[in-house]
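Everything on this sheet refers to the single structure shown next.
Number of protein chains: 2
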Amino acid sequence: MADTDYDLVIMGSGPAGLTAGLYAARARMKVAIYEKSLPGGQVLTTDWIENYPGFPEGISGTELTQRMTDQVRHFGLDIQSDEVLSADLSGGVKEIQLSEKTVRTHSLIIATGASPRKLGIPGEDRFFGKGISSCATCDGPFCRDKVVAAVGGGDTAVQESVYLTRFAKKVYLIHRRDEFRAEKILQERAMASDKIEILLDTVVTGVNGLTHLESIHTRNLKSGENAKLAVDAFFVWIGILPNTEFLGDAAEPERDEYGFIRTNERMETSVPGVFAVGDVRSTPLRQITTAVGDAAIAAASAEHYVVNL
Amino acid sequence: MADTDYDLVIMGSGPAGLTAGLYAARARMKVAIYEKSLPGGQVLTTDWIENYPGFPEGISGTELTQRMTDQVRHFGLDIQSDEVLSADLSGGVKEIQLSEKTVRTHSLIIATGASPRKLGIPGEDRFFGKGISSCATCDGPFCRDKVVAAVGGGDTAVQESVYLTRFAKKVYLIHRRDEFRAEKILQERAMASDKIEILLDTVVTGVNGLTHLESIHTRNLKSGENAKLAVDAFFVWIGILPNTEFLGDAAEPERDEYGFIRTNERMETSVPGVFAVGDVRSTPLRQITTAVGDAAIAAASAEHYVVNL
Numbered sequence: 000m001a002d003t004d005y006d007l008v009i010m011g012s013g014p015a016g017l018t019a020g021l022y023a024a025r026a027r028m029k030v031a032i033y034e035k036s037l038p039g040g041q042v043l044t045t046d047w048i049e050n051y052p053g054f055p056e057g058i059s060g061t062e063l064t065q066r067m068t069d070q071v072r073h074f075g076l077d078i079q080s081d082e083v084l085s086a087d088l089s090g091g092v093k094e095i096q097l098s099e100k101t102v103r104t105h106s107l108i109i110a111t112g113a114s115p116r117k118l119g120i121p122g123e124d125r126f127f128g129k130g131i132s133s134c135a136t137c138d139g140p141f142c143r144d145k146v147v148a149a150v151g152g153g154d155t156a157v158q159e160s161v162y163l164t165r166f167a168k169k170v171y172l173i174h175r176r177d178e179f180r181a182e183k184i185l186q187e188r189a190m191a192s193d194k195i196e197i198l199l200d201t202v203v204t205g206v207n208g209l210t211h212l213e214s215i216h217t218r219n220l221k222s223g224e225n226a227k228l229a230v231d232a233f234f235v236w237i238g239i240l241p242n243t244e245f246l247g248d249a250a251e252p253e254r255d256e257y258g259f260i261r262t263n264e265r266m267e268t269s270v271p272g273v274f275a276v277g278d279v280r281s282t283p284l285r286q287i288t289t290a291v292g293d294a295a296i297a298a299a300s301a302e303h304y305v306v307n308l
Numbered sequence: 000m001a002d003t004d005y006d007l008v009i010m011g012s013g014p015a016g017l018t019a020g021l022y023a024a025r026a027r028m029k030v031a032i033y034e035k036s037l038p039g040g041q042v043l044t045t046d047w048i049e050n051y052p053g054f055p056e057g058i059s060g061t062e063l064t065q066r067m068t069d070q071v072r073h074f075g076l077d078i079q080s081d082e083v084l085s086a087d088l089s090g091g092v093k094e095i096q097l098s099e100k101t102v103r104t105h106s107l108i109i110a111t112g113a114s115p116r117k118l119g120i121p122g123e124d125r126f127f128g129k130g131i132s133s134c135a136t137c138d139g140p141f142c143r144d145k146v147v148a149a150v151g152g153g154d155t156a157v158q159e160s161v162y163l164t165r166f167a168k169k170v171y172l173i174h175r176r177d178e179f180r181a182e183k184i185l186q187e188r189a190m191a192s193d194k195i196e197i198l199l200d201t202v203v204t205g206v207n208g209l210t211h212l213e214s215i216h217t218r219n220l221k222s223g224e225n226a227k228l229a230v231d232a233f234f235v236w237i238g239i240l241p242n243t244e245f246l247g248d249a250a251e252p253e254r255d256e257y258g259f260i261r262t263n264e265r266m267e268t269s270v271p272g273v274f275a276v277g278d279v280r281s282t283p284l285r286q287i288t289t290a291v292g293d294a295a296i297a298a299a300s301a302e303h304y305v306v307n308l
């Protein structure tokens, strides 16, 4: 077997990366985790999590991250603060270019996550995860009998707005164009709901609140009219982008039409020894639960791959 | 849409069933969970769990079960103690036969788990989960510098015994026949390890200990000789059986060669509206992490299925 720095390098330290690290460290693989910002990934920007099993009252994103990080450290694995600039995955040994050095590894788990596309309006960053959300499954149940707004024109925006009517008493569905891109049947359901008020030709220009989100500002692009809507929550569904900058325009590993990395059920990508897990993967659902499940499988696959080299 | 008792019935209340219930209850589906014994499934027989992310010091199987059960109840969903005797899955509405009634549901998530095959020897039940294990990934790391025994002749037994040498100082690999069924390359690795002592033509006849596992009794089937081996842990790898009795000899949903239920990545089985998750599913890895990931996906798929009826 060729000489390397590591058996396994894990990129990213959200729940997926941390779980892969936990499994790999327990399996006594020679493993490193690299994180370019803070451990936790998107979870860190999540105020309160109710749907990760094991925490009956829910748990904050920061606390869950701290607990997962502590657990990984408990097995002697620390998270290294460094950015993967690029990766040469063409050979048997993968070369990972960090900010000031290159490390060589037999296998790689990509757990870099995805980023919800943002509107880029005042107040958005401040309230993201605290009133602004991109996940109805996660945050819809917090909206019982509340007034909420949603923005977007695709399947997700329209379908999830209908889903929100299970909880909210009113949903403003806002889209900047004069018609939705979403499937007709989804549009019909939204239009049939007496809880949904559709605002077309409308953009959201700002988000306001003192200690919590209180209102959004909108502008009608045709009339030029500005309005202020009192809302308790605001869902932004204008797309989600996989964090794969380090791959540049490489053809491999194979990605889906939206840029997410394709895998099989063993989390193997099209490149032998390279695995993808969590939000960066082409997957039907993006949750903490699915991230930790993916990661356990990938760690076992990586271990199996390295043993068989 | 036809009239039913439930949108969704979940069979089983291990981590997979409880997580499916959590997601479905939060999505305000009309849902029931049936459990024939106690909530928790196999986790309940697990003394200490180190590889479920979020518990830095580890957590006992009973406590994790209690926490997951409380979390489901928090969303108004209780676990019903009843056994599914059979299920008629042929129609659009599924009919679930319980001990004293039949319930009708639009969708079904099968989360009944699997049972490791046991040796049926004295002491086995008492120490299962407390010294006796069927999962090296879970319990191998507890065996640092210990002496352990493993029984079985297939791929799992031989491969996992080699894996155990990462932790244990000695591994007895015991098989009742005069040769292994496992792949040759796996056998070669086991034979090459100076930590593994192979005992062929040998059966384990008993398990002993006062407060914890201390030794196993063996008998050589050729010589008739009995022996006592001092060991700290004992791994039983003689097979695992899916808990699918309620399906009888039905051809659907489709199962793999070992009887585990096949699904696609959305956890859909070959029967529309029927989903399978966790250990009962044909899957590359059986862990709490993978069970909760499967379950979140299945709940979303079931919700989507019912909305589109």
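Those protein sequences? They're chains P and H, same order as listed.
Under numbering that gives the first Met the number 0, the first sequence has 124 at position 125, and the numbering climbs by one with no breaks.
Under numbering that gives the first Met the number 0, the second sequence has 198 at position 199, and the numbering climbs by one with no breaks.
Using N, Cα and C, we set each Cβ at its ideal position, and we do this for glycine too.
Query                                                                                                                                  : Result
Neighbourhood of isoleucine 197 of chain H by C-beta, 6 Å cutoff - its chain only, sequence neighbours within 5 removed                : Leu172
Among P:Lys183, P:Lys227, P:Arg280 and P:His303, nearest to threonine 155 of chain H - alpha-carbon criterion                          : P:His303
Contacts of histidine 105 of chain P in chain H (Cβ-Cβ under 9 Å)                                                                      : Residues of chain H passing the Cβ test: none, with the nearest at roughly 16 Å.
Chain P within 8 Å of glutamate 49 of chain H, Cβ atoms only                                                                           : yes
Endpoints, the beta strand (DSSP E) within which isoleucine 95 of chain H is located                                                   : 93 to 96
Any C-beta of chain H under 8 Å from that of phenylalanine 234 of chain P                                                              : no
Tyrosine 33 of chain H and aspartate 2 of chain H closer than 8 Å at C-beta                                                            : no
Contact with chain P by valine 8 of chain H, beta-carbon distance below 8 Å                                                            : no
Contacts that leucine 21 of chain P makes with chain C (C-beta to C-beta distance below 7 Å)                                           : Protein chains in the displayed structure are P and H, and chain C is not among them.
C-beta neighbour in chain H for isoleucine 197 of chain P, strict 8 Å                                                                  : no
Cβ of glutamate 267 of chain P within 8 Å of any chain H Cβ                                                                            : no
Candidates H:Thr44, H:Ala167 and H:Thr204: closest to isoleucine 195 of chain H by CA position                                         : H:Ala167
Exposure of glycine 223 of chain H, with buried meaning 16 or more beta-carbon neighbours within 10 Å                                  : exposed
The beta strand (DSSP E) enclosing threonine 204 of chain H, as first and last residue numbers                                         : 201 to 208
Beta-carbon proximity check, asparagine 50 of chain P vs cysteine 137 of chain P, cutoff 8 Å                                           : yes
DSSP-derived helix/strand/coil call for isoleucine 237 of chain H                                                                      : coil
Between the CA atoms of glycine 128 of chain P and arginine 116 of chain P - distance to the nearest angstrom                          : 14 Å
Residue span of the alpha helix (DSSP H) that contains glutamine 70 of chain H, given as start and end                                 : 60 to 73
Neighbourhood of threonine 68 of chain P by C-beta, 6 Å cutoff - its chain only, sequence neighbours within 5 removed                  : Pro38
The stretch 291 to 301 of chain P contacting the stretch 73 to 87 of chain H, beta-carbon criterion three pairs below 8 Å              : no
Residue-chain proximity (proline 283 of chain H, chain P), Cβ-Cβ < 8 Å                                                                 : yes
Residues within the stretch 160 to 190 of chain P neighbouring chain H, beta-carbon criterion of under 9 Å                             : Val161, Tyr162, Arg165, Phe166, Ile184 and Arg188
Coarse secondary structure for histidine 174 of chain P, derived from DSSP in three states                                             : coil
Distance, leucine 284 of chain P Cα to isoleucine 260 of chain P Cα                                                                    : 14 Å
Under 9 Å from the C-beta of threonine 45 of chain P: neighbouring residues of chain H                                                 : Within 9 Å Cβ-Cβ: nothing; threonine 45 of chain P doesn't reach chain H, min ~14 Å.
Contacting positions in the stretch 33 to 44 of chain P - beta carbon closer than 7 Å to chain H                                       : none
Local conformation of glutamine 158 of chain P per DSSP, three classes                                                                 : helix
Burial state of tyrosine 89 of chain P (16 or more Cβ within 10 Å)                                                                     : A small correction: the amino acid at residue 89 of chain P is serine; tyrosine does not occupy that position in the sequence shown. The residue in question, serine 89 of chain P, is exposed, as its Cβ has fewer than 16 Cβ neighbours within 10 Å.
Cβ neighbour criterion (16 or more within 10 Å) applied to threonine 64 of chain P                                                     : buried
Inside the stretch 74 to 136 of chain P only - beta strand (DSSP E) runs reaching at least 3 residues                                  : 78 to 80, 85 to 87, 93 to 96, 101 to 109 and 113 to 115
Range covered by the alpha helix (DSSP H) that runs through threonine 289 of chain H                                                   : 287 to 306
Beta carbon proximity, aspartate 193 of chain H to chain P, threshold 8 Å                                                              : no
Residues of its chain near valine 102 of chain H, where Cβ-Cβ distance is below 6 Å and the 5 sequence neighbours each way are ignored : Asp4 and Ile95
Own chain partners of threonine 111 of chain P with C-beta closer than 6 Å, once the 5 adjacent residues on each side are dropped      : Met10, Gly11, Asn242 and Val279
Among H:Lys183, H:Thr210 and H:Gln79, nearest to leucine 100 of chain H - alpha-carbon criterion                                       : Just to set this straight, residue 100 of chain H is lysine in the shown sequence, not leucine. The candidate whose alpha carbon is nearest that of lysine 100 of chain H is H:Gln79.
Exposure label - alanine 23 of chain H; buried when at least 16 CB within 10 Å                                                         : buried
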